[in-house]
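Asker: Following my numbering, the numbering of the sequence shown begins with 13 at its first residue and continues without gaps.
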Amino acid sequence: MGFNHMACECGAHICWVCMGIFDTNSVYEHLRTAHGGLYEADRNGAELPFQGADFQVAEQLEALRLIALRRAQLAQQQFHEAEDAQHRHAQRLLYPMQVDPEDRARTAEFHRRVEDIRRAQQEAEDERDRLTRAHQLLQDLEEGIRVGTAELHRRAENIRREEQERIRREAVEQQQKDAVGDWGCVM
Numbered sequence: 013m014g015f016n017h018m019a020c021e022c023g024a025h026i027c028w029v030c031m032g033i034f035d036t037n038s039v040y041e042h043l044r045t046a047h048g049g050l051y052e053a054d055r056n057g058a059e060l061p062f063q064g065a066d067f068q069v070a071e072q073l074e075a076l077r078l079i080a081l082r083r084a085q086l087a088q089q090q091f092h093e094a095e096d097a098q099h100r101h102a103q104r105l106l107y108p109m110q111v112d113p114e115d116r117a118r119t120a121e122f123h124r125r126v127e128d129i130r131r132a133q134q135e136a137e138d139e140r141d142r143l144t145r146a147h148q149l150l151q152d153l154e155e156g157i158r159v160g161t162a163e164l165h166r167r168a169e170n171i172r173r174e175e176q177e178r179i180r181r182e183a184v185e186q187q188q189k190d191a192v193g194d195w196g197c198v199m
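What follows is the structure, encoded as structure tokens:
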């Protein structure tokens, strides 16, 4: 991404968007009014690309947060179901009866569910960690954008000042040339 105009050695400025030719004093006003500013990604007046990306990242973070929340809810539900099954199993063990194959199947199912819950909880925790890192990255990106924007404004101001100083020097030099007049020798 860069300027959407260039300066010729003769002092003219050429707008890359509309190919208009302007002097130093009017090119910046033209770029602001006609094209939305000095910097533009697609030369159509569209917003800078990182603005849309920020919103997409925020939407993705929210979607991931909702997915992690749903997984945590499912894990909690499975945990409660497993607790209920464990309680029923403990109640059966209190009575002196032999474990039949059906009970063994239920016990195996209980252990499978407990393991599923443990995995779901680990996935939810991993997802939460990933979301935290993504959120930190988003904050870092936003800070980088703020710093970059401030730097661009500072550079633009320096360019404007240098251009004004150059114009002032040229005007003083021209006034000095005009004041000297034409002194010559006549024969």
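Heads up, the beta-carbon is just placed ideally off N, CA and C, and yes, glycines get one too.
Please read all numbers here as calculations on a predicted model, not as lab measurements.
1) Would you kindly report the start and end of the unbroken alpha helix (DSSP H) that includes A5?
2) Any idea what DSSP makes of L76, helix, strand or coil?
3) Return the Cβ separation of Q151 and F122 in integer angstroms, given the expectation that the two are a contact with Cβ distance under 8 angstroms.
4) I think L43 touches C27, with their Cβ atoms under 8 angstroms apart; what is that distance to the nearest whole Å?
5) Would you check if there are 3 or more beta carbon pairs closer than 8 angstroms linking the stretch 82 to 102 to the stretch 121 to 138?
6) Just to confirm before moving on: does the CB-CB distance between Q133 and A80 stay below 8 angstroms?
7) Name the one or two DSSP bridge partners that C27 has.
8) Below 8 angstroms on the Cβ atoms is my contact criterion, and I expect L76 with L164 to pass it. Report the Cβ-Cβ distance as a whole number of Å.
Answerer: Quick look at the numbers:
1) Given a span of 13 to 199 for the chain in the structure shown, any question on residue 5 remains unanswerable.
2) Counting from one through the sequence shown, the residue named residue 76 turns up at place 64. Three-state result, L76: helix.
3) Start at 1 with the first residue of the sequence shown, and residue 151 comes out as number 139. Start at 1 with the first residue of the sequence shown, and residue 122 comes out as number 110. About 43 angstroms; that fails the 8 angstroms criterion.
4) Within the sequence shown, numbered from 1, the residue matching residue 43 stands at position 31. Within the sequence shown, numbered from 1, the residue matching residue 27 stands at position 15. Going by Cβ atoms, the distance from L43 to C27 rounds to 7 angstroms, so yes, they are a contact pair.
5) yes
6) Numbered from its first residue, the sequence shown carries residue 133 at position 121. Numbered from its first residue, the sequence shown carries residue 80 at position 68. Contact: no.
7) Mapped onto the sequence shown, residue 27 falls at position 15. According to DSSP, which records beta bridges pairwise, C27 is partnered with H17.
8) As a working mapping, residue 76 is identified with position 64 in the sequence shown. As a working mapping, residue 164 is identified with position 152 in the sequence shown. In fact, because the Cβ distance is near 32 angstroms, the residues do not count as touching under 8 angstroms.
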